[in-house]
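Under numbering that gives the first Met the number 0, the sequence shown has 635 at position 636, and the numbering climbs by one with no breaks. Remarks on the structure that follows.
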Amino acid sequence: MGFQMSKNLKADTDVDASSRISENTKIGNRLSSQNSNQVKDEASFQSKVARLSICEDEESRKIIIKDVLGLDKKSSESLLDDSKNDGLSSVAPQDQMAGSKRRRRRSSGISRPSLAQLKDSNGEVPSSSSSVVVPKKKKKASQSAKLTVDQKALQKRVSIKDLRDLVLYLFNDTNNAPSWIQVENRSAIKKVIVLFVPGLLPEDFEENTKHTLSDNSTNARATSLISLNDPELLDAVQRVPVTAPGSKNTLYSAYNSFVNVGLSKKEKEEKKQELSKKKITLDDLVLRIDQLVENEYPIHQDTPGLSAEEIELLTAKHTDLGSLWKDTRYFEHEGSRTFSMDCEMCMSENGLVLTRVSVVNFNCELVYDSLVKPDVPITDYLTKYSGITEEKLDGVTTTLQDVQSDILKLISSTDILIGHSLQSDLNVLKLRHPKIVDTAIIYEHKAGPPFRPALKYLASEYLDQEIQNDEGLGHDSFEDARACMELTKLKIVNGLAFGVGINTENLFHRLAKNGIRSMSLNDYAPRTKELTLTAKTMETSVRCQNDDQIFENISEHMEDFNLFVGRLRDLEFGREFAVPSTPNLKRLDALAARNNFARRLQELYRQSPPSTVFLVCSGSGDTRDWTKIMGELNKMNKDERNEVKKQREAEIQAAVSKARDALLLAMTKQEESRTV
0 MGFQMSKNLK ADTDVDASSR ISENTKIGNR LSSQNSNQVK DEASFQSKVA
50 RLSICEDEES RKIIIKDVLG LDKKSSESLL DDSKNDGLSS VAPQDQMAGS
100 KRRRRRSSGI SRPSLAQLKD SNGEVPSSSS SVVVPKKKKK ASQSAKLTVD
150 QKALQKRVSI KDLRDLVLYL FNDTNNAPSW IQVENRSAIK KVIVLFVPGL
200 LPEDFEENTK HTLSDNSTNA RATSLISLND PELLDAVQRV PVTAPGSKNT
250 LYSAYNSFVN VGLSKKEKEE KKQELSKKKI TLDDLVLRID QLVENEYPIH
300 QDTPGLSAEE IELLTAKHTD LGSLWKDTRY FEHEGSRTFS MDCEMCMSEN
350 GLVLTRVSVV NFNCELVYDS LVKPDVPITD YLTKYSGITE EKLDGVTTTL
400 QDVQSDILKL ISSTDILIGH SLQSDLNVLK LRHPKIVDTA IIYEHKAGPP
450 FRPALKYLAS EYLDQEIQND EGLGHDSFED ARACMELTKL KIVNGLAFGV
500 GINTENLFHR LAKNGIRSMS LNDYAPRTKE LTLTAKTMET SVRCQNDDQI
550 FENISEHMED FNLFVGRLRD LEFGREFAVP STPNLKRLDA LAARNNFARR
600 LQELYRQSPP STVFLVCSGS GDTRDWTKIM GELNKMNKDE RNEVKKQREA
650 EIQAAVSKAR DALLLAMTKQ EESRTV
């Protein structure tokens, strides 16, 4: 019986070996470079491997391995041990009794040893007659990224949305590759710097003779920015025409369009459901520590979320400020635990000073209202805004210190204080409180962040109330405080989705979900405090007074963030496209501003790591005509304004067309040259 099984097994083995010989013979016929001897060697090799897989005698196995690989006895024993570990050992003793069927299945599953099992004594894989050595390609990640503008983009123009979508694509937020620009080796891109430079015009460019085509056809490198002299940067810059956001009769903010990502129908529904699914309480609307700092609120030491180190830092800072500043203190009291406050202010030589304070309780009842006599002369009563006149303050003796004392007796540190941009009121009151609800934050501007909604708009839109409407009589702090309380109640009833846009998502918030850290730099962002910028900060805003500060901050934090978005104003002010909000701000003329921008751009380009993408966008064209017309229209009442718009429609459209003629510079930092 055993002899018959052995005979059958040998027959099966011979059939397998014969089929392999036939197959390898066909391969040999197709490869003209191989002769018949090589085919026989290959067949012999395969036959020996087949014998090895069914061999049960250890000594025979050693002989076969030695014969196949040309190894000495010691090496063959080592390989034998490896083959056992890798599953090429003979059938285990307990399997031997299972008969030839199991052994056949084991042998038919193995056609040849693995690469690891065929290594020779030098660690090399023996080559067979059919092996082909394929040279390894250089990994893409080690190559610099490259952006190439498509020729079609030069005729069609791109939009600010296209620019924003490019940034999303560069950071792998989407795999929808932009059609107007080709991106090579996207994975190498770690930094993107976006600079909005309003005031940058076509007249700031000159012919780049190095890249002018012989047939005079348009190309992205045909012109270069005057004042640029870095050869590498001149080779990298590509200029693309851009259409600023707007319509035939209107110009919109390019920056606002860039930072707000439009959501799909599905994303809108998901956002709405996410915001609506939770029933909220007043505590859900209280500002976090990062929000308080970002919006320049004075920070109370009992603010939730402060670390011990930050509390120690605040203690030292409060000591330096002196006794004029007060902190609300904890005490038990009856009645309302929620208050809304509003203040009116006038101008003095030292800045804004307090002239009235109003506080209402949760039921919108007035619980405190006082006029305040400043301790410095008033230079401007700002009656149009404050409602305060010299006559109203005549005979008033209440001081700032009196008001502070009254409020500290009324509001405990555990109570919630509500207001609209309340940081202004608390700073002029010199008062710190830990639990704040700000209606300018829990409700959004109709144009989306970073803009903040006016209280007058919110009252009209959501409360159907007209406030601050007395022509020339100014605001009423009681009326404003009451509106803030009512808006907060309405928010609690309707949930987090109420009063906020669900059509868009902030670009920086979106990228933060994917681990992208962002820094925005402009002249209206809150000043960054020492409490905000940590290793965990995913997004931050820095207020800069001029272009130099923007470049300096980017350079300083180059290693800390992935995306930088800056809004430069020097060239815009130099060309008088806009007027600085700070009257004493030093203003450069247009030529000096352009030269300074070019110099700073070159410095930043040299400092940046390879594969850093630079996107410099004017955001708009020449806006002077548009600004002049809008200034004239805004002085008119609503009916008159609409009538004049119809009469001057052609003029308005020409001004808008001129203002929407923008441009973009795209460039990528290449790998530094290396000595081979």
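Ideal placement from N, C-alpha and C gives every residue a C-beta, glycine not left out.
Where does the unbroken beta strand (DSSP E) through residue i begin, and where does it stop?
| i | result |
| --- | --- |
| Q181 | 180–183 |
| R238 | 237–242 |
| N259 | 259–261 |
| N362 | Taken as a continuous stretch (DSSP letters only), N362 belongs to no beta strand (DSSP E), as it is neither H nor E. |
| L428 | Per DSSP, L428 belongs to no beta strand (DSSP E); it is in the alpha helix (DSSP H), 421–428. |
| M635 | Careful: M635 lies outside any beta strand (DSSP E) and carries neither H nor E. |
| A649 | It is not in any beta strand (DSSP E) - A649 instead sits in the alpha helix (DSSP H) that spans 648–658. |
| T539 | 538–542 |
| S517 | 517–521 |
Residue i and residue j look like a contact to me (Cβ under 8 Å); what is the Cβ gap, rounded to whole Å?
| i | j | result |
| --- | --- | --- |
| V241 | A661 | 4 Å |
| I549 | L567 | 6 Å |
| L250 | V655 | 6 Å |
| A439 | R431 | With a Cβ gap of about 19 Å, A439 and R431 do not count as contacting. |
| V436 | V643 | Wrong, their Cβ atoms sit about 41 Å apart, outside the cutoff. |
| V395 | K372 | 4 Å |
| I279 | I491 | 6 Å |
| L347 | V356 | Position check: residue 347 holds Ser in this sequence, whereas Leu was assumed. At roughly 17 Å, the Cβ-Cβ gap does not stay under 8 Å, so S347 and V356 are not in contact. |
| S607 | A243 | The pair is not a contact, with the Cβ atoms about 27 Å apart (cut-off 8 Å). |
| G565 | R586 | That pair is no contact at about 18 Å. |
Taking all protein chains shown into account, decide if residue i is buried (16 or more other Cβ within 10 angstroms of its Cβ) or exposed.
| i | result |
| --- | --- |
| S246 | exposed |
| Q259 | The question names Gln, but residue 259 is Asn in the sequence shown. N259 comes out buried. |
| Q272 | exposed |
| G514 | exposed |
| T314 | exposed |
| D71 | The pLDDT assigned to D71 is 47, lower than 50, so where the model puts this residue is not dependable; a value taken from the coordinates is nonetheless given after this. The residue is exposed, with fewer than 16 neighbouring Cβ atoms inside 10 Å. |
| H474 | buried |
| G98 | Bear in mind that a pLDDT of 41 at G98, under 50, signals an unreliable position, so the model cannot answer this. |
| V359 | buried |
| A235 | buried |
| G86 | Residue confidence is low: G86 scores 42 on pLDDT, short of 50, so the model does not pin down where it sits. Its coordinate-derived value is still stated next. Exposed is the call here. |
| D119 | Note that D119 scores 45 on pLDDT, short of 50, meaning its location in the model is unreliable and no value can be drawn from it. |
| I417 | buried |
| D479 | buried |
| Y461 | buried |
| D341 | buried |
| F596 | buried |
| L614 | buried |
| R659 | buried |
For the alpha helix (DSSP H) that residue i lies in, which residues bound it at each end?
| i | result |
| --- | --- |
| S339 | First-last for S339: 337–347, but that is the beta strand (DSSP E), not the alpha helix (DSSP H). |
| E504 | Element bounds for E504: not the alpha helix (DSSP H) but the beta strand (DSSP E), 503–505. |
| R593 | 589–606 |
| F560 | F560 -> no alpha helix (DSSP H), and no H or E assigned at all. |
| I310 | 307–320 |
| T438 | 438–441 |
| F572 | 569–573 |
| L454 | 454–457 |
CB residue i to CB residue j, shorter than 9 Å?
| i | j | result |
| --- | --- | --- |
| R238 | A253 | no |
| I406 | L428 | yes |
| S538 | V499 | Note that residue 538 corresponds to Glu in the displayed sequence, not to Ser. No. Outside cutoff. |
| F576 | G261 | no |
| V166 | V191 | yes |
| F560 | R516 | yes |
| F507 | I410 | no |
| R593 | L570 | yes |
| L489 | D283 | no |
| S335 | D424 | no |
| K265 | I501 | no |
| D601 | N228 | According to the sequence as given, residue 601 is Gln; it is not Asp. Result yes, Cβ atoms of Q601 and N228 sit closer than 9 Å. |
| T354 | S385 | yes |
| L153 | A665 | no |
Closest Cβ-Cβ distance between residue i and chain C: below 9 Å?
| i | result |
| --- | --- |
| K190 | Of the chains in the structure shown, none is chain C; there is only one protein chain. |
Quiz item: Going along the chain, which unbroken runs of the alpha helix (DSSP H) with 4 or more residues stay wholly within the region 147–209?
Solution: With a minimum length of 4 residues, the continuous alpha helix (DSSP H) runs that stay inside the region 147–209 are 150–155, 159–169.
Whole beta strand (DSSP E) elements within the region 481–515, 3-residue minimum: Counting whole runs of 3 or more residues, the region 481–515 contains the beta strand (DSSP E) stretches 503–505.
query: For the region 256–305, which segments carrying the alpha helix (DSSP H) assignment without a break, of at least 4 residues, lie completely within its bounds, in sequence order?
result: Taken in chain order, the complete alpha helix (DSSP H) segments of 4 or more residues contained in the region 256–305 are 264–275, 288–293.
* Considering only residues of the region 376–428, which uninterrupted alpha helix (DSSP H) runs meet the minimum length of 4 residues and lie entirely inside it, listed in chain order? -> Within the region 376–428, the complete alpha helix (DSSP H) runs of at least 4 residues are 382–385, 389–392, 399–409, 421–428.
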